[in-house]
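Numbering (the working numbering), first residue to last: 231 to 810.
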């Protein structure tokens, strides 16, 4: 143990102990339970006064990070097992009777390490009646030599067996979570059958905790449909906030079968893995047959929907949300029927001031449709608009900047992430929108575009009433700050929509409404394909472009093709690609 450092008195040492404790609590000390050279351990070695504050402030020790993966990677032979026991015992003793915030990563570097660390896990579970929040993660997968060919065999898989104090009893009968208020489960798809059963037992036990108000269930790597009929069903009458991430919309609804929806305030039904879109399945509309009654959520204020599978349609047809204040829509493309969402909002007869915050994330070729959507009366009182990625032109921002202010007339804050911008026209359009009465503008840019950062900051200087926040993203792609990957992504999604969608009326209506955007994407490709040899090889450019062009050429009908000649241009682009 490092000896305490004696120093001359300072102004800090004259502060009351309560203020010093508050300062310590504000400083980061996550993932440091077993790291003696990080806070809060280092505070106690500065001087006697600080040590007294540390030992007398139980909340300083209440975040317990038990990352078995990190510990087993640091010590493959488990020689420090006794030291880990001693450290954890000290931490638990210093927490006194304060509520605990537990972060567990129950996956080890090697399978044999699981048994070595089980007693340490049990020490934490002995205090489960004090848990205020719980985060369970399965960490990162590791594969031993000779098993790379079989990704389903992971010798370090998530082990939930420590959650049973008696191997013959289920979790729900042996563990009490009397103080638990918040739960986050980050579970991968590659669980063996026994662990999968344990996950469901854990979910049932946690969701019955008497004080539980918030639960986040995030499935990583894949979606639930690979194991149909084995969804963990939440059952609770007091849960207020639910986040179900990583599963398809129509598959997440059955998980809510036991929830008292009348008290729900937040429902966020998230997307699949980033980049995985258009997950279409048969029998989606059977959701309306399974749930014939309306889904009435009178207190719901925050709703997030991923639109990448058809499940949003029956959900919106059944849902009534009269108190909605925040709406987030993500992963929309030409197959999305925005009228279904509009009808849900109109049917809900939103109470004033209606929707105050709108977020649109990762929409493809839908700029004009989204602008039309935001002109609806339920958005008249919207004060915050957040745009993340994939908007093609400055059309929406130009409408915001118009003098009549018919689009979102009460908008005060605009947040835009343009790290994947496809057209430089967006940037001046955002500047024009900011000068049309906004109070806050927050823009995320790529690092190379510092010149735009300077101009945006200058805009804030010339408009004292406008607060400008500029964030520089560290996002990088192999082609640098260029439009090609994002444009091809849009073409890929629109080609899929034009060829494979069943609801052709919706697809055709959206393509017809946004045909000018598709024309702009083609024009950009026609400029860059002759310069292809100057670009670094990229997955989209080398493998996907010919296939996308052929799909567009073979499409039976594309709206406004007689005006913009999409098929003819796609064939010519395909030929140019092979030439260059």
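Beta carbons are placed, not taken as given, at the ideal position from N, Cα and C, and that holds for glycine.
Exercise for the section: Go to residue 625, then tell me how far its alpha helix (DSSP H) extends in each direction, as first and last residue. Expected result: In this chain, the alpha helix (DSSP H) harbouring residue 625 covers 625–631.
Practice task
Quick one: residues in its chain with C-beta nearer than 6 Å to the C-beta of residue 663, no 5 flanking neighbours on either side, listed in chain order?
Solution key: 627, 630, 631, listed in sequence order.
Problem - DSSP state of residue 259 mapped onto helix, strand, coil - result: Correct three-state label for residue 259: coil.
Problem - residue 439 in three-state terms, based on DSSP - result: Residue 439 falls in the coil class under three-state DSSP.
Problem - With 16 other Cβ atoms within 10 Å as the buried cut-off, status of residue 581 - result: The residue is exposed, with fewer than 16 neighbouring Cβ atoms inside 10 Å.
Handout entry: Cβ-Cβ distance between residue 268 and residue 262 below 9 Å
Key = Residue 262 is positioned such that its CB atom lies closer than 9 Å to that of residue 268.
Problem - Inter-residue spacing [alpha-carbon to alpha-carbon] between residue 584 and residue 247 - result: Using only the alpha carbons, I get a separation of about 46 Å.
Handout entry: Three-pair Cβ contact test at 8 Å for the stretch 311–327 versus the stretch 361–369
Key = No, the stretch 311–327 is not in contact with the stretch 361–369.
Practice task
Specify, as a first and last residue, the run of the alpha helix (DSSP H) that residue 801 falls within.
Solution key: Where residue 801 is concerned, the enclosing alpha helix (DSSP H) stretches over 796–809.
Exercise for the section: Report the partner residues of residue 319 according to the DSSP bridge assignment. Expected result: The secondary-structure analysis by DSSP pairs residue 319 with nothing; it has no beta-bridge partner.
Handout entry: When 735, 742, 787, 801 are compared against residue 756, the one with the closest alpha-carbon
Key = Closest in C-alpha terms to residue 756, from the list 735, 742, 787, 801, comes 801.
Practice task
Consult DSSP for residue 495 and reduce its assignment to one of helix, strand or coil.
Solution key: It is coil, neither helix nor strand.
Practice task
In angstroms with no decimal places, state the Cα-to-Cα distance between residue 272 and residue 266.
Solution key: Going from the Cα of residue 272 to the Cα of residue 266 covers about 7 Å.
Problem - Contacts around residue 741, its chain only, beta-carbon distance under 6 Å, and the 5 residues preceding and following it disregarded - result: Cβ within range, chain order: 564, 789.
Problem - residue 645: first and last residue of the uninterrupted beta strand (DSSP E) it sits in - result: For residue 645, the enclosing beta strand (DSSP E) begins and ends at 643–647.
Problem - residue 805 to residue 793 span [Cα, whole Å] - result: Rounded to whole angstroms, residue 805 to residue 793 spans 22 Å at the Cα level.
Handout entry: When 623, 434, 566, 592 are compared against residue 738, the one with the closest alpha-carbon
Key = That would be 566, whose Cα lies nearest to the Cα of residue 738.
Problem - Sequence-distant residues of its chain with Cβ nearer than 6 Å to residue 556 (five each side left out) - result: So the qualifying residues of the chain are 532, 587.
Exercise for the section: Determine the closest residue to residue 785 out of 284, 667, 797, 775, with distance taken between C-alpha atoms. Expected result: Of the candidates 284, 667, 797, 775, 797 places its Cα closest to the Cα of residue 785.
Practice task
Measure the C-alpha to C-alpha separation of residue 537 and residue 411 and round it to an integer number of angstroms.
Solution key: If I take the Cα positions, the gap works out to 30 Å.
Practice task
Taking only runs that begin and end inside the stretch 549–584, name each unbroken beta strand (DSSP E) of 3 or more residues, in chain order.
Solution key: You should have 556–562.
Practice task
For residue 244, count neighbouring C-beta atoms within 10 Å of its own C-beta (all shown protein chains included) and say buried if the count is 16 or more, exposed if not.
Solution key: Classification of residue 244: exposed, given that the 10 Å Cβ count is below 16.
Problem - Contacts around residue 665, its chain only, beta-carbon distance under 8 Å, and the 5 residues preceding and following it disregarded - result: Within the same chain, residue 665 has close Cβ partners 631, 689, 693, 696.
Problem - Boundaries (first-last residue) of the beta strand (DSSP E) holding residue 333 - result: Residues 330–335.
Handout entry: Simplified DSSP state of residue 346, which is helix, strand or coil
Key = Correct three-state label for residue 346: helix.
Practice task
Would you grab the beta carbon distance between residue 415 and residue 366 for me? Rounded to a whole angstrom, and I think it's under 8 Å.
Solution key: Between residue 415 and residue 366 a beta carbon distance of about 5 Å is seen, short of the 8 Å cut, so the two are scored as contacting.
Handout entry: Close Cβ partners of residue 195 (< 6 Å) along its chain, the five nearest in sequence each way excluded
Key = This structure cannot speak to residue 195, because the chain is shown only from 231 to 810.
Handout entry: Coarse secondary structure for residue 248, derived from DSSP in three states
Key = If DSSP states are grouped into helix, strand and coil, residue 248 belongs with the helices.
Exercise for the section: For residue 293, write down the residues that DSSP places opposite it in a beta bridge. Expected result: Answer is 331.
Handout entry: Contact test: residue 780 Cβ vs the ligand COA heavy atom, cutoff 8 Å
Key = This structure lacks the ligand COA, and indeed carries no ligand of any kind.
Practice task
Apply the 10 Å Cβ neighbour rule to residue 256 and answer buried if 16 or more other Cβ atoms are within range, or exposed otherwise.
Solution key: It is exposed - the Cβ of residue 256 has fewer than 16 other Cβ atoms within 10 Å.
Exercise for the section: May I have the straight-line CA-CA distance separating residue 356 from residue 568, to the nearest angstrom? Expected result: The alpha-carbon atoms of residue 356 and residue 568 are separated by roughly 51 Å.
Exercise for the section: Determine the extent of the beta strand (DSSP E) in which residue 593 is found, giving its start and end residues. Expected result: Annotation: the continuous beta strand (DSSP E) that includes residue 593 extends over 587–593.
Problem - Cβ neighbours of residue 438 in the same chain (closer than 6 Å, five flanking residues each side left out) - result: Once the five neighbours on either side are set aside, residue 438 has no close Cβ partner at all.
Exercise for the section: Report the option in 612, 775, 791, 795 whose CA atom is closest to the CA atom of residue 808. Expected result: Looking at 612, 775, 791, 795, the one whose alpha-carbon comes closest to that of residue 808 is 775.
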